[in-house]
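Reviewing the structure listed below.
There are 2 protein chains.
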Amino acid sequence: MKLYNSSTAPNPRRVRIFLAEKGIVVPFEEVDIVKAVNRGPEFRKKNPMGTLPVLELDDGTCIAESVAICRYFEEIQPEPPLMGTDAKDRALVEMWNRRMEFELFEAATGAFRYRHEFFKGRIEQSPEYAEICRRHVIASLAWLDSELASRPFIAGDRFTIADITALCGIDFSRTSGIRIDPGQKNLSRWHAAVSARPSAKA
Amino acid sequence: MKLYNSSTAPNPRRVRIFLAEKGIVVPFEEVDIVKAVNRGPEFRKKNPMGTLPVLELDDGTCIAESVAICRYFEEIQPEPPLMGTDAKDRALVEMWNRRMEFELFEAATGAFRYRHEFFKGRIEQSPEYAEICRRHVIASLAWLDSELASRPFIAGDRFTIADITALCGIDFSRTSGIRIDPGQKNLSRWHAAVSARPSAKA
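One line per chain: the protein sequences are Y and G, in this order. Going by my numbering, the first sequence opens with residue 70, and the numbers climb by one from there. Going by my numbering, the second sequence opens with residue 70, and the numbers climb by one from there.
Spelled out as structure tokens, the structure:
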């Protein structure tokens, strides 16, 4: 088993943190995204979307999409649970993880992808849409601050994959000049707590 | 238990098809999206995002996000499995479902949302980005046609949630004038097969 990784891209970080929280060690193979090796024909045999990370199993099966990779590890090693504990909790963690994806992570990567020089010629860009994404992130941080008034973690009393998605989205939004407002006390408290976990450095 | 539904929006259709495939009957309550009842303060107590569908459990818990609702039903009634059968299969179904979301469903809804009169004043629009989304859907249909040369369903030999997401995305892309090209034989065969299932009318 090995994980095709990029040490600078936001999606692989989600999986690295997930693995660190589980205490699972998987060999990494760094893929050079600056040289667009992930978009070349060889890598596309592993993942036609050309995205990272990709988990290659010993039987040659390639699993792409960060949350699908996390799902695999949650299934083979349920403890500690990061994707919920029973039917209702699993659904609520999925709901919160998706909210963190759509309201934060996708908006943060959109603000970068649709405007930054790095993606020029790689995707069809739209600075207008990048700006919509940037404002979306800022609005989402204010909303999330209010949500976190009532509980320690995004999905409740327990650290879950939703916290990982939110952390990676918020930290990546720095590439668009976005920071948590110090007046956002609940969000600041949460961000300090999840950033202090050893997994955040994975 | 009840499902807050919109009979015309694409996301609730995903859950209705999922329930029909499972043979589960849940009472629906139609929410008037034309009058934006889903965006009002009362409905936002159930789902702060103001989106549909929402599943309200008997204890008052509200589960939003289509796939989170599907996850709940998959957990409480595993048969027939629509989200995978073991660790590897669950990860692969999740991968394919996410590909169908990002490459088809989100692009199809983006092509509509960011340009159509219906969303004017509801979200920040960008006709430029809507056009990128429209071209994204067209490119994805060509790619999916090649993928379906080797298997009957999106994620393999079995009908899964990935087929539901793809069907709802493709059918909704008609609102942007997109149709499957008759030369796309594999995709046409797949679309005819999944559309012929009784669940497609749910």
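For every residue, glycine included, the Cβ atom is placed at its ideal position computed from N, Cα and C. In this text, all values refer to a predicted model and were calculated from it rather than measured experimentally.
>> What does the alpha-carbon distance come out to for the pair Glu-144 of chain Y and Pro-81 of chain Y?
In response: Counting from one through the first sequence, the residue named residue 144 of chain Y turns up at place 75. Counting from one through the first sequence, the residue named residue 81 of chain Y turns up at place 12. Whole-angstrom Cα-Cα distance: 19 Å.
> For Tyr-183 of chain Y, which three-state DSSP category applies?
Replying inline: In the first sequence, the residue the question calls residue 183 of chain Y occupies position 114. Of the three classes helix, strand and coil, the one that applies to Tyr-183 of chain Y here is coil, per DSSP.
> Under the rule that 16 or more other beta-carbon atoms within 10 Å means buried, what is Val-94 of chain G, buried or exposed?
Replying inline: As a first step, residue 94 of chain G must be located in the second sequence, where it is residue number 25. Exposed is the call here.
> Of the choices Y:Lys-91, Y:Glu-200, Y:Glu-99, Y:Glu-170, whose alpha-carbon is the least far from that of Pro-149 of chain Y?
Replying inline: Residue numbering aside, residue 149 of chain Y sits at position 80 when the first sequence is read from its first letter. Checking every option, the nearest Cα to that of Pro-149 of chain Y belongs to Y:Lys-91.
> Between Y:Ile-102, Y:Lys-71, Y:Arg-182, which lies nearest to Thr-54 of chain Y when the distance is taken from Cα to Cα?
Replying inline: Past the boundaries of the shown model lies residue 54 of chain Y; chain Y is included only from 70 to 271, so the question cannot be answered.
> Could one say the Cβ of Glu-216 of chain Y lies closer than 9 Å to chain G's Cβ atoms, at least one of them?
Replying inline: As a working mapping, residue 216 of chain Y is identified with position 147 in the first sequence. For Glu-216 of chain Y, the answer is yes, since a Cβ of chain G falls inside 9 Å of its Cβ.
> How long is the line joining the alpha carbons of Cys-237 of chain G and Pro-267 of chain Y, rounded to whole angstroms?
Replying inline: Counting from 1 along the second sequence, the entry for residue 237 of chain G is found at position 168. Counting from 1 along the first sequence, the entry for residue 267 of chain Y is found at position 198. Their backbone Cα atoms lie some 41 Å apart in a straight line.
>> Output needed in chain order: residues of the segment 140-165 of chain Y with a Cβ under 7 Å from some Cβ in chain G.
In response: Arg-140, Tyr-141, Glu-144, Ile-145, Ala-156, Lys-157, Arg-159, Ala-160, Leu-161, Glu-163, Met-164
> What are the boundary residues of the beta strand (DSSP E) that Ile-132 of chain Y is part of?
Replying inline: By 1-based counting over the first sequence, the position of residue 132 of chain Y is 63. Residues 131-133.
>> Within a Cβ cutoff of 6 Å, which residues of the same chain sit near Asn-275 of chain Y, ignoring the five residues on either side of it in sequence?
In response: Nothing about residue 275 of chain Y can be read from this structure; chain Y reaches only from 70 to 271.
>> What ranges does the beta strand (DSSP E) occupy inside the segment 71-117 of chain G, keeping only unbroken runs of at least 3 residues that lie completely in it?
In response: 71-74, 97-99
>> If you reduce the DSSP assignment to three classes, tell me which class Phe-222 of chain Y lands in.
In response: Counting from one through the first sequence, the residue named residue 222 of chain Y turns up at place 153. Residue state, collapsed to three classes: strand.
> Taking Cβ to Cβ, would you say His-205 of chain G is nearer than 9 Å to Glu-172 of chain G?
Replying inline: In the second sequence, counting from the first residue as 1, residue 205 of chain G sits at position 136. In the second sequence, counting from the first residue as 1, residue 172 of chain G sits at position 103. Yes; because the gap between Cβ atoms is below 9 Å, this pair is in contact.
> Hey, would you say Arg-203 of chain Y sits closer than 9 Å to Ser-245 of chain Y, going by beta carbons?
Replying inline: Residue numbering aside, residue 203 of chain Y sits at position 134 when the first sequence is read from its first letter. Residue numbering aside, residue 245 of chain Y sits at position 176 when the first sequence is read from its first letter. Yes, the pair counts as a contact, with Cβ atoms nearer than the cut-off.
> chain Y beta carbons: is any one of them nearer than 9 Å to that of Pro-117 of chain G?
Replying inline: What you label residue 117 of chain G is simply residue 48 of the second sequence in a count that begins at 1. Pro-117 of chain G counts as touching chain Y.
>> Residues of the segment 127-139 of chain Y in Cβ contact with chain G at a cutoff of 8 Å, in chain order, please.
In response: Thr-130, Ile-132, Ala-133, Glu-134, Val-136, Ala-137, Ile-138
> What does Glu-125 of chain Y pair with, by DSSP beta-bridge criteria?
Replying inline: Here the question's residue 125 of chain Y lines up with position 56 in the first sequence. Note: Glu-125 of chain Y sits in a beta bridge opposite Y:Lys-71, Y:Cys-131.
> In this structure, what does DSSP give as the bridge partners for Ile-272 of chain Y?
Replying inline: Residue 272 of chain Y lies beyond the residue range present for chain Y, which begins at 70 and ends at 271; the question has no answer from this structure.
> Apart from the five residues on each side of it in sequence, which residues of its chain come closer than 7 Å, Cβ to Cβ, to Asp-226 of chain Y?
Replying inline: Mapped onto the first sequence, residue 226 of chain Y falls at position 157. Within the same chain, Asp-226 of chain Y has close Cβ partners Arg-220.
> Which value, in whole angstroms, describes the spacing of the CA atoms of Gly-129 of chain G and Ala-261 of chain G?
Replying inline: The residue you call residue 129 of chain G lines up with position 60 of the second sequence. The residue you call residue 261 of chain G lines up with position 192 of the second sequence. So the two alpha carbons sit approximately 39 Å from each other.
>> Taking CB distances under 9 Å as the criterion, tell me whether Ser-195 of chain G reaches chain Y.
In response: Working through the second sequence from its first residue, we reach residue 195 of chain G at position 126. Yes, contact with chain Y.
> Which residues of chain G have a Cβ atom closer than 8 Å to the Cβ of Ile-201 of chain Y, listed in chain order?
Replying inline: Looking up residue 201 of chain Y in the first sequence gives position 132. Near Ile-201 of chain Y (Cβ distances below 8 Å), the residues of chain G are Glu-193, Ser-195, Tyr-198.
> Counting contacts by CB-CB distance shorter than 9 Å, is Arg-85 of chain Y in contact with chain G?
Replying inline: As a working mapping, residue 85 of chain Y is identified with position 16 in the first sequence. So no, Arg-85 of chain Y is outside the interface.
>> Cβ closer than 7 Å: which chain Y residues qualify as neighbours of Arg-266 of chain G?
In response: In the second sequence, counting from the first residue as 1, residue 266 of chain G sits at position 197. In chain order: nothing, as chain Y lies at least about 25 Å away.
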